[in-house]
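One gets our numbering by counting positions in the sequence shown from 1 and adding 10 to each. Below is one structure, written out as structure tokens, with a few remarks after it.
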Amino acid sequence: MRGRNSSCNCSCVLPWIGALCISALLTFVFTFCKLNGVPAPPEQTLQALPISAVLQTCNWGDTHRHNLIVAVIGDTSMHTRWLEDADDANWDLAVIYYGSLPHKFTCAKCMHVELGKGAKWKLVYQFTQSGAFAEHYMHRYTQVYVPDDDIIQLAASINELFNIQETYGLELAQPSLCSSVESHTIHVNDLPLWKQATTVLRYGTFVEIMVPLFGMRFFKTDVIKTLSTSASGYGLDWIWPFLLKYADNKIAVIDEVCVIHPRQSLQELGKMSMYDTNPSLKGWELQEEKAQFRKFGYSARRIRHRYKVGYQVKKSLGQVWQPWYADLQQARNQTGMISAQKGTQDQKKLHTAGMHTGSLLREWPEWTWTQLPVHQVG
Numbered sequence: 011m012r013g014r015n016s017s018c019n020c021s022c023v024l025p026w027i028g029a030l031c032i033s034a035l036l037t038f039v040f041t042f043c044k045l046n047g048v049p050a051p052p053e054q055t056l057q058a059l060p061i062s063a064v065l066q067t068c069n070w071g072d073t074h075r076h077n078l079i080v081a082v083i084g085d086t087s088m089h090t091r092w093l094e095d096a097d098d099a100n101w102d103l104a105v106i107y108y109g110s111l112p113h114k115f116t117c118a119k120c121m122h123v124e125l126g127k128g129a130k131w132k133l134v135y136q137f138t139q140s141g142a143f144a145e146h147y148m149h150r151y152t153q154v155y156v157p158d159d160d161i162i163q164l165a166a167s168i169n170e171l172f173n174i175q176e177t178y179g180l181e182l183a184q185p186s187l188c189s190s191v192e193s194h195t196i197h198v199n200d201l202p203l204w205k206q207a208t209t210v211l212r213y214g215t216f217v218e219i220m221v222p223l224f225g226m227r228f229f230k231t232d233v234i235k236t237l238s239t240s241a242s243g244y245g246l247d248w249i250w251p252f253l254l255k256y257a258d259n260k261i262a263v264i265d266e267v268c269v270i271h272p273r274q275s276l277q278e279l280g281k282m283s284m285y286d287t288n289p290s291l292k293g294w295e296l297q298e299e300k301a302q303f304r305k306f307g308y309s310a311r312r313i314r315h316r317y318k319v320g321y322q323v324k325k326s327l328g329q330v331w332q333p334w335y336a337d338l339q340q341a342r343n344q345t346g347m348i349s350a351q352k353g354t355q356d357q358k359k360l361h362t363a364g365m366h367t368g369s370l371l372r373e374w375p376e377w378t379w380t381q382l383p384v385h386q387v388g
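Here's what the structure looks like:
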């Protein structure tokens, strides 16, 4: 009896000891932050996420592809649209499912499927710490794309996105947004993220966190460490180009490929925001951004004196013109004028391209907002 009671007492006491230790740790962290002027993070960012349940991994020898998409997806994810006509895809898809029906979720065309709970960038960081990533992904793949799960894009456009990144040797990039009619972004000034008709891509100092595309080398050496202390993702889109030292011709918005990031009014009912699934993040975003800036040395003085690009300024650093537009410019430079007929033709071409040519809604008119293809689980 004494042995049984002793065992019971021990099992009852241990959780209390653990709780006291955690409480003491949190108190220390918050006190340290306060004394050092560092904003205290929400409690969930201090706690380890639960270990993900890996549902599916494919035979590593089955793939010849060298591009990887990592997507954190919920119940209304658009990833099924990405996988349509994906037989000729030059990429593999790894998903981390955080939705409400984990026991019913499947993705037969995915290279890797696991379950997780938490904010997008926390889950991506956890994925990079897994054995699968360390042993296989980081060595097999040369490029990594991490889009939000509500991004509308097709397999062929993703293929082209990876091809352009490889062709131009980009370390950090993103596709453009098809148009302001259907897509949303908070970044509308300076370096516009909307599709530009006359360019293949535009070099710059900024890439938005909803659709970032990385070279694996940069992802391994610099990006992953920024995710370890990121919950909301605020500040990452300023820090990444800074860590690349604004390298010439390595950071770009790719206009040849555009995607749709649906406005809130066009989102499917039931679509949950980051704050719906992680309510403790609300109100912490700007403080997290400042903490990230301090951690990685992103400051106004350093930016302006060392790189001369402006603090939190999206700056254009050149472009690659579309061939037809480059020819038009060359003709103008050589002759100083264009014949009336040639000028009319080029003006029509420019006008047509300017009418958001490349918008997914216009190239694929069967995509109507009343019949959006939405992945439903269950």
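Glycine included, every Cβ here is placed at the ideal spot set by N, Cα and C. Remember, predicted model here, so these are calculated numbers, not experimental data.
Q) Are Trp-250 and Val-233 closer than 8 Å when you measure CB to CB? A) yes
Q: Run the CB neighbour count on Asp-98, radius 10 Å, all protein chains shown included, and call it buried at 16 or more, exposed below.
A: exposed
Q. Cα separation between Lys-130 and Thr-236?
A. 13 Å
Q | Limits of the unbroken alpha helix (DSSP H) element including Arg-342 | A | 333–345
Q.
For the segment 212–224 against the segment 321–335, do three or more pairs of beta-carbon atoms, one drawn from each stretch, fall closer than 8 Å, so that the two count as touching?
A. yes
Q | Nonlocal neighbours in the same chain, by C-beta distance under 8 Å from Ser-309, ignoring five residues either side | A | Phe-303, Tyr-321
Q: In the DSSP assignment, find the alpha helix (DSSP H) that holds Arg-91 and state where it starts and stops.
A: 89–93
**Q.** Asp-249, DSSP secondary structure in three states
**A.** In the sequence as displayed, the identity of residue 249 is Ile instead of Asp. Of the three classes helix, strand and coil, the one that applies to Ile-249 here is helix, per DSSP.
(Q) Short of 7 Å in beta carbon distance, which residues of its chain neighbour Leu-65, apart from the five on each side in sequence? Order them along the chain. (A) Val-123, Glu-124, Leu-125
**Q.** Residue burial classification, Trp-334 (beta-carbon count within 10 angstroms, cutoff 16)
**A.** exposed
**Q.** Spatial neighbours of Asp-158 in its chain, beta-carbon cut-off 6 Å, leaving aside the 5 residues before and after
**A.** Met-220
Q: Report buried or exposed for Ser-240, applying the criterion of at least 16 other Cβ atoms within 10 angstroms of its Cβ.
A: buried
Q: Classify Gln-344 as buried or exposed, calling it buried when 16 or more other Cβ atoms lie within 10 Å of its own Cβ.
A: exposed
Q: Entirely within the segment 132–191 and at least 3 residues each: give me those beta strand (DSSP E) ranges in chain order.
A: 153–155, 182–187
Q) Roughly how many angstroms lie between the CA atoms of Gly-128 and Val-134, to the nearest whole one? A) 10 Å
Q | Inter-residue Cα distance where the pair is Asp-85 and Gln-340 | A | 51 Å
Q: State the Cα-Cα distance for the pair Ala-118 and Lys-132, rounded to the nearest angstrom.
A: 25 Å
Q. CB Leu-111 to CB Ala-81, shorter than 8 Å?
A. no
**Q.** Backbone secondary structure at Thr-86 - three-state DSSP
**A.** coil
Q.
Does any residue of chain B have a CB that is nearer than 8 Å to the CB of Ala-165?
A. Here there is only one protein chain, and chain B is not present.
Q. How would you label Gly-245, buried or exposed, when you count the other beta carbons within 10 angstroms and need 16 or more for buried?
A. buried
Q) Under the rule that 16 or more other beta-carbon atoms within 10 Å means buried, what is Leu-296, buried or exposed? A) exposed
Q. Which one or two residues does DSSP pair with Tyr-107 in a beta bridge?
A. Ile-83, Leu-125
Q) Quick one: what does DSSP say Thr-239 is sitting in, helix, strand or coil? A) coil
Q | Burial state of Lys-255 (16 or more Cβ within 10 Å) | A | exposed
Q: Using a threshold of 8 Å, state whether the C-beta atoms of Trp-204 and Leu-187 are closer than that.
A: yes
Q) Pick from Ser-238, Leu-171, Ala-301: whose alpha carbon is nearest that of Gln-136? A) Ser-238
Q. What three-state label does DSSP hand Thr-209 in the structure shown?
A. strand
Q. Does at least one heavy atom of the ligand FAD sit under 7 Å from the Cβ of Thr-239?
A. This structure simply doesn't include the ligand FAD, nor any ligand for that matter.
Q. By the 10 Å Cβ neighbour count, where 16 or more other Cβ atoms means buried, how is Thr-231 classified, buried or exposed?
A. exposed
Q | Gln-175 burial status per 10 Å Cβ neighbour count (16 or more: buried) | A | buried
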